[in-house]
Ligand SMILES: Cc1ncc(C[n+]2csc(CCOP(=O)(O)OP(=O)(O)O)c2C)c(N)n1
Ligand SMILES: Cc1ncc(C[n+]2csc(CCOP(=O)(O)OP(=O)(O)O)c2C)c(N)n1
Ligand SMILES: [Mg+2]
Ligand SMILES: [Mg+2]
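Following this line, the structure appears as structure tokens:
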């Protein structure tokens, strides 16, 4: 072997189906039933409006810090839409719309961001993991789940989400490497929203794309227009089908944009320009998708209005429920629950100490 | 962007100059002065013979566990040969030949493997880091050093070594990503010796080469015949020159073979065949290089014999010195040295306790 | 009953649990053909195949993160970290996830995994191969931390750990892997996690230890009996966390004097917690300061000096006599 | 003297050290334009440029490993880990390297780095943003672990940490980042690492705490004085490791009674070491069991219940009265 270029078996591609004006590349249009298209549209609108409502709840001090998802609805809903109920999802902290799609109640979201552990458990019938805050750590959990699915000879898949920043963590690397080695049915969705708090994509890594990182593990990588739900859906479906068929893992980079602050504790004016944000506003995933649906003749402005009303009412109902639950004094003693299957004796002793103390000062006194 | 293949700016290449029979590709022959060629040859022989001697010392119980380097002489000496004294090296635990080249005394090697911390410090005038056992962790130290060199506007470089197994660790990934982002003058030498203890290269990662992992960071990657010292030298020199010129990091995969056990605590018969080992014997880096030097007319069998005698005597001298140092009862109290710049009071109290105890039972009693 | 080493006893526990329960999967670096660097998993890949005894790439966070995922899905992974000195690479996966997922899901999920890893000095090893850092794990709520002291309890505790619904860190003392043999019954045997054991009964002095340090502790106890006429009550902790304080508290209520032995550095070693529990629960019985015979607050030196670092019979005797005379 | 918050005081320490010494480099996630998520590094990139205030990719082991390399080369890196809950990602780099390289090179190298990180509860944060795990770092030989309790000592201790020849973990209490102001002199001020401080003098009861818990501790001390006539001797630990036991031992020799307050879980929290040192060095002066008022041995709950978890004035008073009456 003198001096030669090395050719690599896996390929890295890019995919876009609906352009920024919502115009379609017909040759690539995925075959999605009307009903599903409309369901996805509704989920996008719900995700957006609920995000807005959470922001106002947070600004009013009715919930704590949270991470808005606005602008990333296509990127997450297109990814989870081809999943089955028996598949598993391992979200990061910015997949609220995908979680609702998968069955999480809005009430749970509000409770969790309101500081109540009660918001945490996913519904019993769903397999999705709770939100993972330590960046990229969940990739390995999805990998382990996928390994176990293969061991159990299921044709289910596991899907993990992370951000552009997450690709810098060691756990991302270890997860993808293991996924390649075991040909595990895991799909890694990287929502490249251009920012990791204040660090722009360009400072996160020197690589031109995040998708090409798949080459390090010889698994397929694809860069998708993440504000184009048809492209996201098509790429995810392809990857999921491959995984089900025993052909292993895929890395999908959804190129999208974090339209809001990183979390409500963040002030993006410190590090990015309005100009950049405005440029991305033009690529709004909901507007593009609506244009497509209207062109297709299955949506109209009137239907959109009805839908918006409907969604608003649904959100209001959830907020009311959640706030009622928060108002009912939730037992502070419950913090001792679920530490272990059985509370160890010394911790039990501490629980009793606390109980006495509570009795002495009254629940409110200590709880507040 | 409909569906398109993504082209990646960085390239991955392979390089070989001396083939397995020691025959030369003249167009690629690096311009190495005769004196340096002979010095490298001597260092290879010294590395091999010292390795053999360490093994017999270990088998006789005169030192503890160590990691033999036999077979990897070209891979490490070719890499460090183009370095200057002001450059830094961050070895793993299998770069003994490179460490001797850079100025470490054989006595230090023996003392360290003999269980004496006294074997550890590198000579004051050298910049090389001590052996790093936690796999891949040293990549980040080399990166930090390289960053600092750039900050200080030096044209020095840092070189880190690790094994094929090491590429699976998160620290490898984080180090290479940082190196790309900061365009740091760091060269990562991966000695792909086909095994990580009992795990073969093929189970370590799905990627066809380790060099291609550079694509994830858009830095150059090159796969080199690691048993061909000319190729290793040429690739390293190129990478070092690029780094000095401010053009950033390179990942070099030296394809070589671990001819011996992983460490003296390991039994490779459990997991690999003699056949495989014998096939690699034919690619012995020393034999290949000798053939080249003889063909070039600067080495002869006679010169080799003299060299072997010479090297043997040098090793014997070092063993004698080191054993004499070990025999002198080295103060057990010294274990309290270098914990901090200044020993904290409670640790000082413990040191005193221990001193009293020693006085009571005599040094030997407790030391043994 | 056959007499076996701790390595063999651990192997037996793994083999029997794997036979019984196809949810039990072992994974880690070199656990397959190589049988693990200490041979604890010897023969298991041959018997159960590569799906049950999984060689992994070299990445500890990967191994532990993968185990967490497997456990969430309902398997019972038993991962091996080759040496405890490399388990800090996966510290975040344990602290941030393994120990919390039951709680974070309000009981919807659990993480019934075991992380086995060799710890401790005394085998003339390289750097990072001799530490004793059980404190790190024992301070994490939601986690259990077990350290057996010999073949029989190692086997029984490992079985219990595998069946435990919560994550367990299982430290195996390298110094006692092959140092002695014990009879271990073929038939199933478990031991409750979270319970210490009295291994010698006496009225004068309570000695508390665990793991590889049980041997010098028991030797010292014998000498104290024979040479000094001091009758010691010796407690083997077995589980470091959740710590069982009932036995040693009860013991000190009888003896009034106590001594703790561990290899871990003194500051914030498990001995600190033991002393604190005694102060909390047996203060008025204490007749002398509780002594801590421990590793020093320095990194354990390379092996030529490791015996100077590690607590030994002499050091324990010295401390015991001092406690008895104060 | 201007009255400033702890955030401002820390910023002042960084700015002044960066002005004085071009070896001082700050690095971490969002430390540049964003000024750090708590604004501790605000304005530094504008003043010193991107070479001195370095935004890093999102990788904690990378940040710490890089800092180690910088320190080995002779710089004085001050890295920020965004929240201590994410510092376990770099635990191996600290345990295996930062704390050992001086020793591993027999003094040839040193690692004069500082790892700054916010810790503790009380700011209504998300999961992983409220823990107090100083034990992990305080059990590692070769490392120093510092926790200031207010603007003035934070500034002085950070300056000392930056100048310290050994690696320092520097925990910053989120709850006191902006809770109160203190006068902090423009001119240089340092404080010795490894020395505790008496912040209130009294003869009846020794109270030992540090960090954000100093505030409820001092409030409780006042109430005890006013309502119970109990005069407390209050010690601010400041450095957790190497732990200075001289002041609190001396204090208990006077008071005979002691109480420790920290947010960390009780089992193997720093209180365990404090109790053990008291038993070792002041046993015969102790008139009652030393009380530990601490976080419980569970994960700190989400914020609606965090005040129930954290020690507060009421809980401290309760414990103090119990100690006084036993
Ligand atoms: C391991 C870890 N380090 C740091 C943080 C703090 N943090 C939370 S989100 C975030 C940026 C994440 O960026 P990215 O991965 O791009 O996801 P995004 O927030 O843009 O969705 C950081 C640094 C964390 N949660 N986990
Ligand atoms: C972080 C870490 N994990 C595990 C080990 C134990 N260990 C020592 S060497 C080794 C294999 C290394 O393989 P490779 O990187 O290919 O280097 P080689 O030994 O072949 O030179 C392992 C698993 C270690 N030293 N460090
Ligand atoms: Mg992002
Ligand atoms: Mg190798």
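Residue numbers (my numbering), protein chains in the order written: chain H, 43 to 410; chain D, 43 to 410; chain C, 3 to 328; chain S, 3 to 328.
By construction, the Cβ of each residue, glycine as well, lies at the ideal position given by its N, Cα and C atoms.
Computed from a predicted model, the values in this text were never measured in an experiment.
query	result
Cβ-heavy atom distance between residue 235 of chain D and ligand 4 below 7 Å?	yes
Candidates C:27, C:319 and C:86: which alpha carbon is nearest residue 207 of chain C's?	C:319
Might you give, ordered along the chain, the residues of its own chain that have their beta carbon closer than 7 Å to the beta carbon of residue 132 of chain S, omitting 5 neighbours on each side?	122, 123, 302 and 308
Scan the segment 306-340 of chain H for residues whose Cβ lies nearer than 8 Å to a Cβ of chain S and list them as they occur along the chain.	307, 308, 312 and 313
If you measure from the beta carbon of residue 244 of chain D to each beta carbon in chain S, is any gap under 8 Å?	no
On a CA-only basis, which of S:284, S:84, S:51 and S:114 is nearest residue 251 of chain S? Give me that one, please.	S:284
What are the complete alpha helix (DSSP H) segments, minimum 4 residues, inside the segment 114-186 of chain C?	136-140 and 153-165
Ligand 2 heavy atoms versus the CB of residue 93 of chain D: any closer than 7 Å?	no
Output the distance between the C-alpha atoms of residue 305 of chain D and residue 303 of chain H, rounded to the nearest integer angstrom.	52 Å
For residue 296 of chain S, which residues of its own chain have a beta-carbon under 8 Å away from its beta-carbon, when the five flanking residues on both sides are left out?	262, 263, 264, 265, 266, 267, 268, 271, 273 and 313
Is the segment 255-264 of chain D touching the segment 212-220 of chain D in the sense that three or more CB pairs, one from each, lie closer than 8 Å?	yes
Just checking my contact of residue 251 of chain D with residue 232 of chain D at CB under 8 Å: how many whole Å lie between their CB atoms?	The pair is not a contact, with the Cβ atoms about 10 Å apart (cut-off 8 Å).
Quick one: does the C-beta of residue 60 of chain C sit closer than 7 Å to a heavy atom of ligand 2?	yes
With H, G and I counted as helix, E and B as strand and the rest as coil, what does DSSP make of residue 273 of chain C?	helix
Between which two residues does the alpha helix (DSSP H) harbouring residue 369 of chain D extend?	343-369
Can you tell me the Cα-Cα spacing of residue 62 of chain H and residue 336 of chain H, whole angstroms?	15 Å
Please identify the residue among C:41, C:117, C:113 and C:325 whose C-alpha is closest to the C-alpha of residue 382 of chain H.	C:113
What does the alpha-carbon distance come out to for the pair residue 37 of chain S and residue 105 of chain H?	25 Å
Can you list the residues of chain C that residue 274 of chain S reaches, using a CB-CB cut of under 7 Å?	270, 274, 275 and 278
Starting from residue 210 of chain C and walking both ways along the beta strand (DSSP E), at which residues does that stretch end?	207-211
Please return the same chain residues whose Cβ sits closer than 6 Å to the Cβ of residue 333 of chain H, not counting the five positions on each side in sequence.	64
Let me know the secondary structure DSSP gives residue 304 of chain D once reduced to three states.	coil
Let me confirm a value: residue 410 of chain H is counted as buried when at least 16 other C-beta atoms fall within 10 Å, else exposed. Which label applies?	Unreliable placement is indicated for residue 410 of chain H, whose pLDDT of 41 sits below 50; the coordinate value is still reported in the next sentence. Residue 410 of chain H is exposed by the Cβ-count criterion.
Going along the segment 106-140 of chain C in order, which residues come within less than 8 Å of chain S, judged by CB to CB distance?	106, 129, 130, 135, 137, 138 and 140
What's the gap between the Cα of residue 268 of chain D and the Cα of residue 69 of chain D?	19 Å
Can you find the residues in the same chain that come closer than 7 Å, C-beta to C-beta, to residue 151 of chain H, ignoring five residues on each side of it along the sequence?	138 and 161
According to DSSP, what are the bridge partners of residue 131 of chain H?	H:201
Using a Cβ cut-off of 8 Å (strictly closer), state whether residue 159 of chain D contacts chain C.	yes
Are any of the Cβ atoms in chain S nearer than 8 Å to that of residue 304 of chain D?	no
Which whole-angstrom value describes the C-beta separation of residue 31 of chain S and residue 60 of chain S, a residue pair presumed to lie in contact below a C-beta threshold of 8 Å?	6 Å
Do residue 136 of chain D and ligand 2 come close, with the Cβ less than 7 Å from some heavy atom?	yes
Assess, as a yes-or-no matter, whether the segment 128-147 of chain D is touched by the segment 87-100 of chain D under the definition of 3 or more beta carbon pairs within less than 8 Å.	yes
In the segment 63-96 of chain S, which residues sit with their C-beta less than 8 Å from some C-beta in chain H, listed in chain order?	63, 64, 87, 88 and 91
Let me see if you follow: with CB-CB separation under 8 Å, is residue 171 of chain H close to chain C or not?	yes
Hey, would you say the C-beta of residue 36 of chain S is under 7 Å away from at least one heavy atom of ligand 3?	no
If you check the beta carbons only, do residue 124 of chain D and residue 278 of chain D fall under 8 Å apart?	yes
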